[in-house]
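Undergrad: If you count the sequence shown from 1, position 180 lands on 275 in our numbering, and the numbers rise without skipping.
The C-beta atom is built at its ideal place from N, Cα and C for all residues, glycine as well.
The structure that follows is given in the form of structure tokens.
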Amino acid sequence: MSTMTKTWWGERLLDALEDFTDSGRLARGRSYASDHRVKQWLIKKGAVQAKIRGNKNPYFGVYTEPTYKTEVKMVHLSESQWKKIIAKLTQRASFIAKLLVNEIPENIEGVFAEFNTHLLPNNYKDFKVSCDCPDYAVPCKHIAGVCYRLASELDQNPLLLFEMRGLSPEKLHQELIKSPLGKILASAQTSEISELIPVKSFYTQTELKNIPTKISLKQFWHGETPIPKDLPPHQEASIPAVLVKKGGDYPAFWQKQGSFISVMEDFYLRMRKNNQKQI
């Protein structure tokens, strides 16, 4: 993996850049991602606007150190596309759980593929770039430097990728927690930890009581407190098996190719049918 990025999503962005740029130009572009070169960095409405410190170059008639305005955008998905994609994302606990903690699920592209699109860039058609330097080639080393810097920023802020595609992280979060499953997972993350109460033993201790000197047969068999005749009504969970679903489709202990959640849903369905037959 490239030393410019530490995550698979950052690497995918650079892979798309490398698909249509020669290695020599990219190598020069890496040096333009440093703090020494980047004089201004602004991400606004899904576009990176940067000012890059250039070099003197008499060949191009540049005799003083220039500053170039560079912009990098990614093609935005339409509002209708996002609506369909979010509706699909909110059906899976594994997607919601990771996105709520600012991580991108590795199998998220499968959802985008269902609607004939993708989140991460595939090639140069996913980019819209510009630079006012005299280099006619696209991308120039300044654009390459901005892309490398962007990949590094995605390591720290993965949901920035959604913003580059036209959906702000705030809007994404709002849509996730609107769903029934999103509300449960969000409340579980924000719930306060209960205060620990010290005890003398891990086990329930027997309480001794004095036996009354006189006791009737009814008191002997029924006790002092009668057993309730009616049990409280059973309430179905709004999200069945939520604890199982929080682990996602492929939890750490699951080594099979199929989804763990799908297997457990089938198991619960069989158990419910068997129980209904026995009643």
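1) Counting Cβ pairs, one atom from each stretch, are 3 or more of them under 8 angstroms apart for the stretch 164-177 and the stretch 212-227?
2) Which word fits lysine 351, buried or exposed, when buried means at least 16 other C-beta atoms lie within 10 angstroms of its C-beta?
3) Would you kindly work out how many angstroms separate the C-alpha atoms of threonine 301 and glutamate 265, rounded to a whole number?
4) How long is the line joining the alpha carbons of serine 354 and glycine 343, rounded to whole angstroms?
5) Should glutamate 270 be labelled buried (16 or more other beta-carbon atoms within 10 Å of its own) or exposed?
6) Exposed or buried, alanine 188, counting other C-beta atoms within 10 Å across all chains shown (16 or more means buried)?
7) Considering only residues of the same chain and omitting the five flanking positions on each side of tryptophan 104, which have a CB-CB separation below 7 angstroms?
8) Do you know how far the Cα of lysine 372 is from the Cα of glutamate 258?
9) Verify whether the separation of the beta carbon atoms of valine 123 and alanine 232 is less than 9 angstroms.
10) Considering Cα atoms alone, identify which of Ile180, Val133, Arg244 is closest to leucine 267.
11) For alanine 145, does the three-state DSSP call read helix, strand or coil?
12) Can you name the residues that DSSP bridges to cysteine 226?
13) Give me the Cα-Cα distance between asparagine 211 and serine 247, rounded to the nearest whole angstrom.
14) Alpha helix (DSSP H) containing tryptophan 177: first to last residue?
15) For aspartate 221, collect the residues of the same chain with a Cβ closer than 7 angstroms to its Cβ; drop the 5 residues on either side in sequence, then sort them by chain order.
16) Assuming valine 241 and valine 143 make a contact with CB atoms under 8 angstroms, what is their CB distance in whole Å?
17) State the Cα-Cα distance for the pair phenylalanine 362 and isoleucine 191, rounded to the nearest angstrom.
18) May I have the straight-line CA-CA distance separating lysine 177 from proline 346, to the nearest angstrom?
19) What residue does the beta strand (DSSP E) around lysine 139 start on, and which one ends it?
20) Mapping the DSSP letters down to three states, classify methionine 96 as helix, strand or coil.
21) Leucine 195 and glycine 277 - do their beta-carbons sit closer together than 9 angstroms?
22) Return helix, strand or coil for asparagine 370, following the three-state DSSP convention.
23) Could you tell me the alpha carbon to alpha carbon distance between serine 129 and proline 161, rounded to whole angstroms?
24) Excluding sequence positions up to five away, which residues of its chain have a Cβ less than 8 angstroms from the Cβ of valine 157?
25) For threonine 185, is the classification buried or exposed, using 16 other Cβ atoms within 10 angstroms of its Cβ as the cut-off for buried?
26) From the DSSP output, which residues share a beta bridge with asparagine 152?
27) On the criterion of 16 or more Cβ atoms from any shown chain inside 10 Å, does alanine 145 qualify as buried, or is it exposed?
28) Can you tell me where the alpha helix (DSSP H) holding glycine 105 begins and where it ends?
TA: A quick look at the data gives this:
1) yes
2) exposed
3) 53 angstroms
4) 8 angstroms
5) buried
6) buried
7) Ile199, Leu215, Leu249, Pro253, Leu256
8) 52 angstroms
9) It should be pointed out that residue 123 corresponds to arginine in this sequence rather than to valine. No, they are not a contact pair.
10) Ile180
11) strand
12) Thr165
13) 28 angstroms
14) 174-184
15) Ala111, Met169, Val170
16) 6 angstroms
17) 23 angstroms
18) It should be noted that the sequence gives tryptophan, not lysine, for residue 177. Taking the straight line from one Cα to the other gives about 27 angstroms.
19) 133-139
20) With a pLDDT of 41 at methionine 96, under the threshold of 50, the modelled position of this residue cannot be trusted, and the question is left open.
21) yes
22) helix
23) 16 angstroms
24) Gly149, Asn150, Lys151, Pro229
25) buried
26) Val157
27) buried
28) 103-114
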